[in-house]
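For reference, the structure discussed in these notes is given below.
There are 2 protein chains.
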Amino acid sequence: MLIYESTLRSFTQNIFLSMGCSDEHAALAADVLLLSDLRGIDSHGVARLIGYVRLWENKRINTKPNITIVHETPTTATVDGDAGLGLVVAPFAMRLAIQKAEQYGSGWVSVRNSNHFGIAGYHTLMAVEKDMIGFAMTNASPLVAPTFSNERLLGTNPMCYAFPAGKYPPVVVDMATSAAANGKLEIAQRMGKKVPEGWIQDAKGDVTTDPHALKNGGSLLPLGGDREHGSHKGFGLSATVDILSAVLSGANYGPWVPPFVSFLEPPADPVGLGIGHFVGAMRVDGFRPVDEFKAHLDNWIARFKSASTIDPNQKVIIPGEPELEAEIDRRKNGIPLVDEVVNDLNGLATRFGLSHI
Amino acid sequence: MLIYESTLRSFTQNIFLSMGCSDEHAALAADVLLLSDLRGIDSHGVARLIGYVRLWENKRINTKPNITIVHETPTTATVDGDAGLGLVVAPFAMRLAIQKAEQYGSGWVSVRNSNHFGIAGYHTLMAVEKDMIGFAMTNASPLVAPTFSNERLLGTNPMCYAFPAGKYPPVVVDMATSAAANGKLEIAQRMGKKVPEGWIQDAKGDVTTDPHALKNGGSLLPLGGDREHGSHKGFGLSATVDILSAVLSGANYGPWVPPFVSFLEPPADPVGLGIGHFVGAMRVDGFRPVDEFKAHLDNWIARFKSASTIDPNQKVIIPGEPELEAEIDRRKNGIPLVDEVVNDLNGLATRFGLSHI
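Residue numbers (our numbering), protein chains in the order written: chain A, 1 to 357; chain B, 1001 to 1357.
Written out as structure tokens, the structure is:
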């Protein structure tokens, strides 16, 4: 099913309004989810709407949060999201980082007591619009084992860096620090396909290609897959995300991160509040004139785009380029939704007495 | 050969003095190299001394640099290293970042016109000593191909994040963004061993296990190895390092980065000055009280150290832990040097009329 952006946007907004969000929060939360669907990151868009509703039903999401700054210097701050939607808490934090950057060159905000914040790219692009470099990361439900362990202690903990270019679109590096994101596993599960070695291990820690291994006590592997191929680096990046997002802010970290799915209870012995994010913004002109930076980034992009290729039909992909191509296509032609998601959305509509999509 | 730290330090210092460095710069440059040898990162310590001398002989390193701040806001700056040793330019930049952080909470410095800066961990640990979180990255000689390409366009571009803990040593994530660092390849070459699939490709872009492939037009692969295992993420991280270090500062980037080895000429059409670094510091107490952060980071470390293991003899390794163990051992028992390095060092001693080691 293909659906126009505007239709899906007002539908999503109405769900958030029905959950008790203010007009402003409902519009913002819908905007974050929609950008994910527009950019082709289907796993993080409206497909997750039902997940947010279930968490709200379980009183784990507060739709009327009092988001506060609990600690601050001119260029750093800790924000408490009051158990609000990460979809509104993270933009609050990024606006604060941008304000600080406007005044002092850079701004950095660590966030506690939040929930899933959608795609990291949304938040970094807020900075890019102001000719700033954007940073965003978040910790997440524990699914990934550190190198040498068979215990799920880390989330897929994404990190994102975004840079404004000139004639080219922004460079947006937005990546899970695990070898494969959970969404890819779900696709393999649905299609009954095996997954490549190096994505997951079973409960004992043995290599497996069974996409269902995660449900049976297995775990995702850090980027690199095994020690020989640098999984300690993926683990180190994931640890960095966890520490900046949660140890620094006072959120839960490691195995204490509350799971996104509502049928799993959060750990009974939390070490902090909710989940954590870390966002930042740096003014490009804090380092060199914006037009100089953009001209050189354009030159960088042009050089990599014209790199000699192994397969003549497969060019080098600039980070963020496929997402922008999807966005242009989907803004014009509509967003494809699989039946499963349409059913979920219509179920939510029924629950709230709204029209089906 | 085992050599005591103090002996190797004064030897190294004397070489730098003979190259025309000031007392202060010679001591600092030696300190950076020695910490690498002490921490067991043999590839980046005195083994590289001959490389710095050769670059100086080729007039590509200026041992009397006038390091300047060319652009600045309260929390950001661009530093020009005046073609100096990265071993002294990067600490200058990190001191500036720390000063800014002391005043405003955080400080970020992009560096152009520099050279190889040794181990990134040295610079981040300068911040950790002040109860700050340290960031350091650098671009480097092009040896790595982006995903889908067989062209060497990126360096092993390391990134490093360091965090002060309480009773445990600092967490130091210090990693090349390639699947394997060049040093590991050199070891395989010396020992006549094959390397694992996923480290390198040959000139055509085909998988190879021949450690000499790099000399025949092959390239290192980004962390992840191939697209299916996330090499686009390693490419994205490496791109991030290149942009923050060089596009932002006005250094050379991508294939224009001047090679570290003196027998290869720098590109004739530079897009900037020298190589680039990016360093930063954030005060922990810009986010939460230092003792709270350290107590939680200790708890994080303890939890990961006690993680259930796949092999009972192989515990989870906290980033930075093996390096600290090496440091404790080598400070006491001396630093092991292979014959090749001893010969190189004695050759340098002869060249400068100094005593052999």
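We treat Cβ as the ideally placed atom computed from N, Cα and C, and that holds for glycine.
Worksheet item: Going by alpha carbons, who is nearest to B:G1205 out of B:P1196, B:T1147, B:S1262, B:N1182?
Response: Counting from 1 along the second sequence, the entry for residue 1205 of chain B is found at position 205. Per the Cα distances, B:T1147.
Worksheet item: Grouping DSSP H, G and I as helix and E and B as strand, with all else coil, what is A:N363?
Response: Outside the displayed span of chain A (1 to 357) sits residue 363 of chain A, for which this structure offers no information.
Worksheet item: Looking at the C-beta of A:K193, does it have a partner C-beta in chain B at a distance below 8 angstroms?
Response: Position 193 of the first sequence, counting from 1, holds the residue named residue 193 of chain A. By this cut-off, A:K193 is not an interface position.
Practice prompt. Could you tell me which residues DSSP puts in a beta bridge with B:V1071?
Written response: One-based indexing of the second sequence puts residue 1071 of chain B at position 71. Looking at the sequence shown, residue 1071 of chain B is not Val but His. For B:H1071, which the question treats as bridged, DSSP gives the partners B:T1078.
Worksheet item: Is B:K1294 closer than 8 angstroms to B:A1101 when the C-beta atoms are compared?
Response: Locating residue 1101 of chain B in the second sequence gives position 101, counting from the first residue. Locating residue 1294 of chain B in the second sequence gives position 294, counting from the first residue. Result no, Cβ atoms of B:A1101 and B:K1294 do not sit closer than 8 angstroms.
Worksheet item: With a cut-off of 8 angstroms, does the C-beta of A:V128 fall near any C-beta of chain B?
Response: For the purposes of this step, residue 128 of chain A is taken as residue 128 along the first sequence, with counting starting at 1. Output row for A:V128: interface = no.
Discussion item. What does the Cβ neighbour count give for A:Q201, buried or exposed, with the cut at 16 atoms within 10 Å?
Written reply: Taking the first residue of the first sequence as 1, we reach residue 201 of chain A at position 201. That one is buried.
Discussion item. Helix, strand or coil for A:I61? Go by DSSP, reduced to three states.
Written reply: Here residue 61 of chain A refers to the residue found at position 61 of the first sequence. Looking at A:I61 - three-state DSSP - the assignment turns out to be coil, as it is neither helix nor strand.
Fill in: Proximal chain B residues relative to A:Y253, where beta-carbon distance stays under 7 angstroms
Taking the first sequence and counting its residues from 1, the one referred to as residue 253 of chain A is at position 253. Near A:Y253 (Cβ distances below 7 angstroms), the residues of chain B are W1300.
Practice prompt. Answer with buried or exposed for B:D1023, where buried requires no fewer than 16 other C-beta atoms within 10 angstroms of its C-beta.
Written response: Within the second sequence, numbered from 1, the residue matching residue 1023 of chain B stands at position 23. Exposed, since its Cβ has fewer than 16 Cβ neighbours within 10 Å.
Item to complete: Would you tell me roughly how many angstroms separate the C-alpha atoms of B:P1065 and B:G1347, rounded to the nearest one?
Response: Here residue 1065 of chain B refers to the residue found at position 65 of the second sequence. Here residue 1347 of chain B refers to the residue found at position 347 of the second sequence. Rounded to the nearest angstrom, the two C-alpha atoms are 26 angstroms apart.
Practice prompt. Keeping to the same chain, check which residues put their C-beta closer than 7 angstroms to that of A:V359; ignore five residues upstream and five downstream.
Written response: Since the first and last residues shown for chain A are 1 and 357, residue 359 of chain A lies out of range.
Fill in: Near-chain A residues of the stretch 1260–1277 of chain B (beta-carbon distance less than 9 angstroms), N- to C-terminal order
V1271, G1272
Discussion item. Any C-beta of chain A within less than 7 angstroms: which residues of the stretch 1088–1110 of chain B qualify?
Written reply: Y1104, G1105, S1106, W1108, S1110
Worksheet item: Quick one: complete alpha helix (DSSP H) runs, 4+ long, within the stretch 147–194 of chain A?
Response: 182–191
Worksheet entry | Contact with chain B by A:Q314, beta-carbon distance below 8 angstroms | As a position in the first sequence, residue 314 of chain A is number 314, starting the count at 1. So, interface residue.
Fill in: Three-state class that DSSP yields for A:H212 in the structure shown
Translated into the one-based positions of the first sequence, residue 212 of chain A becomes position 212. DSSP places A:H212 in coil when its eight states are reduced to three.
Item to complete: Quick one: grab the DSSP three-state call for A:W199.
Response: For the purposes of this step, residue 199 of chain A is identified with residue 199 of the first sequence, where counting begins at 1. It is coil, neither helix nor strand.
Item to complete: Mind listing the chain A neighbours of B:K1233? Cutoff is C-beta to C-beta under 7 angstroms, in chain order.
Response: Position 233 of the second sequence, counting from 1, holds the residue named residue 1233 of chain B. In chain order: M175, L223.
Worksheet entry | N- and C-terminal bounds of the alpha helix (DSSP H) containing B:F1352 | Numbered from its first residue, the second sequence carries residue 1352 of chain B at position 352. Run containing B:F1352: 1339–1352, per the alpha helix (DSSP H) assignment.
Fill in: contact_flag[the stretch 1132–1151 of chain B, the stretch 1241–1251 of chain B] where n(CB pairs < 8 angstroms) is 3 or more
yes
Worksheet entry | Whole-number beta carbon distance between B:A1213 and B:I1098, since they are thought to touch under 8 angstroms | Indexing the second sequence from 1 puts residue 1098 of chain B at position 98. Indexing the second sequence from 1 puts residue 1213 of chain B at position 213. With 8 angstroms as the limit, B:I1098 and B:A1213 do not qualify as a contact, their Cβ atoms being about 42 angstroms apart.
Worksheet item: CB A:V342 to CB A:I357, shorter than 8 angstroms?
Response: As a working note, residue 342 of chain A is residue 342 in the first sequence. As a working note, residue 357 of chain A is residue 357 in the first sequence. Yes, they are a contact pair.
Practice prompt. Starting from the N-terminal side, write out each stretch of the alpha helix (DSSP H) that is 4 residues or longer and does not extend beyond the stretch 25–63 of chain A.
Written response: 49–57
Worksheet item: Are the C-beta of B:Y1122 and some C-beta of chain A separated by less than 8 angstroms?
Response: Translated into the one-based positions of the second sequence, residue 1122 of chain B becomes position 122. So no, B:Y1122 is outside the interface.
Worksheet item: Which residue or residues does DSSP assign as beta-bridge partners of A:T138?
Response: Mapped onto the first sequence, residue 138 of chain A falls at position 138. In DSSP, A:T138 forms a bridge with A:H277.
Worksheet item: Could you check where the alpha helix (DSSP H) with B:R1095 kicks off and where it finishes?
Response: Translated into positions along the second sequence, residue 1095 of chain B becomes position 95. Run containing B:R1095: 1086–1104, per the alpha helix (DSSP H) assignment.
Item to complete: Could you please give me the residues that DSSP links to B:G1107 through a beta bridge?
Response: By one-based count along the second sequence, residue 1107 of chain B stands at place 107. B:A1281.
Discussion item. For a cutoff of 8 angstroms on Cβ pairs, would you count A:V290 as touching chain B?
Written reply: Sequence index remark: in the first sequence, residue 290 of chain A carries index 290 (1-based). No, because no Cβ of chain B sits closer than 8 angstroms to the Cβ of A:V290.
Item to complete: Work out the CA separation of A:I41 and A:P336 for me, nearest whole Å.
Response: As a first step, residue 336 of chain A is located in the first sequence; it is residue number 336 there, counting from the start. As a first step, residue 41 of chain A is located in the first sequence; it is residue number 41 there, counting from the start. Each residue's alpha carbon lies about 11 angstroms from the other.
Fill in: Within chain A, partners of B:Y1161 - CB distance below 9 angstroms
Position 161 of the second sequence, counted from the first residue, corresponds to residue 1161 of chain B. Chain A residues near B:Y1161: G236, L237, A239, T240, I243, L244.
Worksheet item: Going by Cα to Cα distance, which pick from B:I1015, B:E1321, B:R1288, B:N1313 is closest to B:E1057?
Response: Residue 1057 of chain B sits at position 57 when you count from the first residue of the second sequence. It is B:I1015 whose Cα lies nearest to the Cα of B:E1057.
Discussion item. If I follow the unbroken alpha helix (DSSP H) through A:I301, where does it start and stop?
Written reply: Here residue 301 of chain A corresponds to residue number 301 of the first sequence, with the count starting at 1. Its alpha helix (DSSP H) spans residues 290–305.
Worksheet item: So is A:N150 in contact with chain B if we call contact Cβ pairs under 8 angstroms?
Response: For the purposes of this step, residue 150 of chain A is taken as residue 150 along the first sequence, with counting starting at 1. For A:N150, the answer is yes, since a Cβ of chain B falls inside 8 angstroms of its Cβ.
Worksheet item: Are there three or more Cβ pairs, one per stretch, closer than 8 angstroms when the stretch 314–326 of chain A is compared with the stretch 169–178 of chain A?
Response: yes
Item to complete: Using a Cβ-Cβ cut-off of 8 angstroms, state whether B:E1186 counts as contacting chain A.
Response: The count along the second sequence starts at 1 and reaches residue 1186 of chain B at position 186. Taking Cβ atoms only, chain A never reaches closer than 8 angstroms to B:E1186, which makes this a no.
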